[in-house]
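Engineer: Residue numbers (this note's numbering), protein chains in the order written: chain B, 61 to 344; chain D, 43 to 358.
Got a structure for you, questions after.
See the structure below:
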């Protein structure tokens, strides 16, 4: 009886172990399938023209996504000038000055707006900037991505500042250095690598966003010269080409998607490798 | 030493006050953003609210030509695709989190975690592209006929098969929310105290029994929080769903029929809205979406924060 029971329990243990393993394989299966298709369908269309030429008019073969690739980088750069200072300084407040209740609410607020759908951000910036300025613009696209970066960077900055040993702060304060200089010259400098990691992850996240750019940056078949002109972006271009009826555009959409995913996941992998010891420490 | 006031600027309180004030302002920008989002959407939808009132939430007419607007088909499509997404994603991702923290051999945990983080980083539009050209054709030829053949007695699996459909939208949603539910559940399970497990092992429990008795029942509330967080993401998921759900404002019993969601109607029609009323109606759709996602997210955050304090930080 007990022997039978024991066998049954061991069998059940093995069964659950393999069942959850199958689930884990199913979870990463889509990733593998998507990567495989991107390489199979996109790689052959990656050539010199793809990176250097403007899109050709509908129906004409050839052309490239040079302006969309450049547009994505410019948008990410401009978005950081808004998202990084606000996010980092907000994170400094959360970590270095403790007002228990206020900080709880700020954290809660940041986590909640992190979950606001990206399309809603697009509508807000449309009402805020596109309507008054009477046109889609690079500036509006940068602002929407910058706003989305704020809560992300705020939370990661807070987290890495918490990892700076309290002893550093106490030692510096004991020397009579003002607190703001302790924070800006010692705490922030110690945590710099972690903060950069957080910024990179936020960039990778907003760099792949399409929905908020649909009615802010809008897209452009040509080069953008002013902040007030619409601008092309890689995710927008992929979307427009994917839903178009032209085979050649589908081919380019796959190539664009391959470039975008290589960009986004190489940022992610670099960051994970660079900060492996930090995460390992946290996990212990 | 001759001038005792030399170092004064260093200890003067003004630098500290200014710096603290500056960081406080930046931190408070979170609340400014919340107010801004709510205000802009409410302001934009004022006209539609005045014209349609509560009728907007009960009418299923979406007829831009005759300026009749009701959001029911979109609410239906959003709920249907999100629920299908949850039904597929929740068991898979919680099982994966259990495998990662409790049952898997140690060497496999790190690489598997990296794969899941990479899946989380796949942009929505890329998943949508894959959805249109790879997943939907496969569903149309293989999975949907199979479902119709085996489960066709249920009304959900009857009717013509087009490909782009509520079910395809639900499957894409599931893929989008798998990584977030998995990684938050994993953090929750990792925060279960080791003593819980050791106590169960001491009683002679097998690995799975330890997981079931000592870990899962302890972490129930947190895991529920992870699921609700996934629901919040599912409701607001835009691009990938827009690309595979078929974009037709109808309410059909069959899951093979095309549908439309709150987020995708905004994505598709916002820049083509020709009249003020049309635009305002779309703003109100956005407001409904915002209201629902903020409520769901707030609930998820409360569950997660009360489960284990601020230590458990949901991955974004």
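Note that beta-carbon positions come from the ideal geometry of N, C-alpha and C, so glycine has one too.
A quick note: this is a predicted structure, and the numbers were derived from the prediction, not measured.
Can you tell me which of the three DSSP states residue 360/D falls into?
Structural biologist: This structure cannot speak to residue 360/D, because chain D is shown only from 43 to 358.
Engineer: Residues in the same chain with beta-carbon distance under 6 Å from residue 302/B, minus the five sequence neighbours each way, listed in chain order, please.
Structural biologist: Same-chain partners within the cutoff: 313.
Engineer: Mind checking which residues open and close the alpha helix (DSSP H) that includes residue 148/D?
Structural biologist: Where residue 148/D is concerned, the enclosing alpha helix (DSSP H) stretches over 148 to 163.
Engineer: From the beta carbon of residue 178/B, is the nearest beta carbon of chain D less than 8 Å away?
Structural biologist: Closer than 8 Å to some Cβ of chain D, the Cβ of residue 178/B qualifies, so yes.
Engineer: Please report the straight-line C-alpha distance between residue 333/B and residue 156/D, rounded to a whole angstrom.
Structural biologist: For residue 333/B and residue 156/D, the distance between alpha carbons rounds to 10 Å.
Engineer: In chain D, what lies closer than 7 Å to residue 72/B by C-beta?
Structural biologist: Here the neighbours are 250.
Engineer: Thinking C-alpha only, which one of 311/B, 329/B, 292/B is nearest residue 126/B?
Structural biologist: Checking every option, the nearest Cα to that of residue 126/B belongs to 292/B.
Engineer: Beta-carbon separation of residue 145/D and residue 113/B under 8 Å?
Structural biologist: Not closer than 8 Å, so no.
Engineer: Count the other CB atoms within 10 Å of the CB of residue 105/D; is the residue buried (16 or more) or exposed (fewer)?
Structural biologist: It is exposed - the Cβ of residue 105/D has fewer than 16 other Cβ atoms within 10 Å.
Engineer: Excluding sequence positions up to five away, which residues of its chain have a Cβ less than 8 Å from the Cβ of residue 292/D?
Structural biologist: 115, 299, 300, 301, 302.
Engineer: With distances taken between CB atoms, is the gap from residue 216/D to residue 130/D smaller than 8 Å?
Structural biologist: Taking 8 Å as the Cβ cut-off, residue 216/D and residue 130/D qualify as a contacting pair.
Engineer: For residue 330/B, does the count of other Cβ atoms within 10 angstroms reach 16, so buried, or fall short, so exposed?
Structural biologist: Residue 330/B comes out exposed.
Engineer: Starting from the N-terminal side, write out each stretch of the alpha helix (DSSP H) that is 4 residues or longer and does not extend beyond the stretch 156 to 241 of chain D.
Structural biologist: List check, alpha helix (DSSP H) in window: 166 to 172, 186 to 193, 208 to 232.
Engineer: Note down, one range per segment and in chain order, each alpha helix (DSSP H) of at least 4 residues found wholly within the stretch 88 to 115 of chain B.
Structural biologist: Taking only runs of at least 4 residues, the alpha helix (DSSP H) segments lying wholly in the stretch 88 to 115 of chain B are 108 to 112.
Engineer: Check residue 168/B in the structure and name its three-state DSSP category.
Structural biologist: Three-state DSSP puts residue 168/B in a helix.
Engineer: Report yes if the CB atom of residue 241/B is closer than 8 Å to the CB atom of residue 170/B, and no otherwise.
Structural biologist: No, the Cβ-Cβ distance between residue 241/B and residue 170/B is not below 8 Å.
Engineer: Are any of the Cβ atoms in chain B nearer than 8 Å to that of residue 166/D?
Structural biologist: Output row for residue 166/D: interface = yes.
Engineer: Could you tell me whether the Cβ atoms of residue 405/D and residue 208/B are closer together than 8 Å?
Structural biologist: Since the first and last residues shown for chain D are 43 and 358, residue 405/D lies out of range.
Engineer: Can you find a C-beta in chain D that's less than 8 Å from the C-beta of residue 97/B?
Structural biologist: With 8 Å as the cut-off, residue 97/B counts as an interface residue toward chain D.
Engineer: Would you say residue 128/B lies against chain D (beta-carbon separation less than 8 Å)?
Structural biologist: Chain D contact via Cβ: absent.
Engineer: For the stretch 134 to 152 of chain D, which residues have a beta carbon sitting closer than 8 Å to at least one beta carbon of chain B?
Structural biologist: Answer set for the stretch 134 to 152 of chain D: 134, 135, 137, 138, 140, 141, 142, 145, 146.
Engineer: Report buried or exposed for residue 328/B, applying the criterion of at least 16 other Cβ atoms within 10 angstroms of its Cβ.
Structural biologist: Residue 328/B should be labelled buried.
Engineer: Check residue 196/B in the structure and name its three-state DSSP category.
Structural biologist: Coil at residue 196/B, not helix or strand.
Engineer: What residues of chain B sit near residue 88/D, judged by a beta carbon separation below 8 Å?
Structural biologist: Correct list: empty, because the minimum Cβ distance to chain B is about 11 Å.
Engineer: Can you look up residue 118/D in the DSSP assignment and give me helix, strand or coil?
Structural biologist: It is helical.
Engineer: Counting only Cβ pairs nearer than 8 Å, list the residues of chain D close to residue 157/B.
Structural biologist: What residue 157/B touches in chain D: 62, 65, 66.
Engineer: Tell whether a beta-carbon distance below 8 Å holds between residue 290/B and residue 167/D.
Structural biologist: Their beta carbons are not under 8 Å apart, which means residue 290/B does not touch residue 167/D by this criterion.
Engineer: Looking at the C-beta of residue 58/D, does it have a partner C-beta in chain B at a distance below 8 Å?
Structural biologist: Cβ-Cβ to chain B under 8 Å: yes for residue 58/D.
Engineer: Kindly indicate which residue of 66/D, 202/D, 118/D, 279/D has the alpha-carbon position closest to the one of residue 159/B.
Structural biologist: Of the candidates 66/D, 202/D, 118/D, 279/D, the one whose C-alpha sits nearest the C-alpha of residue 159/B is 66/D.
Engineer: Residues of the stretch 314 to 346 of chain D in Cβ contact with chain B at a cutoff of 7 Å, in chain order, please.
Structural biologist: So the list reads 325, 328, 331, 332, 335, 336, 339, 340, 343, given in the order they occur along the chain.
Engineer: Kindly indicate which residue of 117/D, 296/D, 111/D has the alpha-carbon position closest to the one of residue 193/D.
Structural biologist: Closest by alpha carbon: 296/D.
Engineer: Any contact of the stretch 270 to 286 of chain B with the stretch 187 to 201 of chain B, i.e. 3+ C-beta pairs under 8 Å?
Structural biologist: At 8 Å Cβ cutoff, the stretches touch.
Engineer: According to DSSP, simplified to helix, strand and coil, what is residue 153/B?
Structural biologist: The answer is helix: DSSP assigns residue 153/B an H, G or I state.
Engineer: Tell me, to the nearest whole angstrom, how far the beta carbon of residue 280/D is from that of residue 321/B; I am working on the premise that it is less than 8 Å.
Structural biologist: Not quite, the Cβ-Cβ distance comes to about 18 Å (not below 8 Å), so this is no contact.
Engineer: Under the DSSP definition of a beta bridge, which residues are partnered with residue 278/B?
Structural biologist: Paired residues: 291/B.
Engineer: Should residue 76/B be flagged as near chain D, meaning a C-beta pair shorter than 8 Å?
Structural biologist: Chain D contact via Cβ: present.
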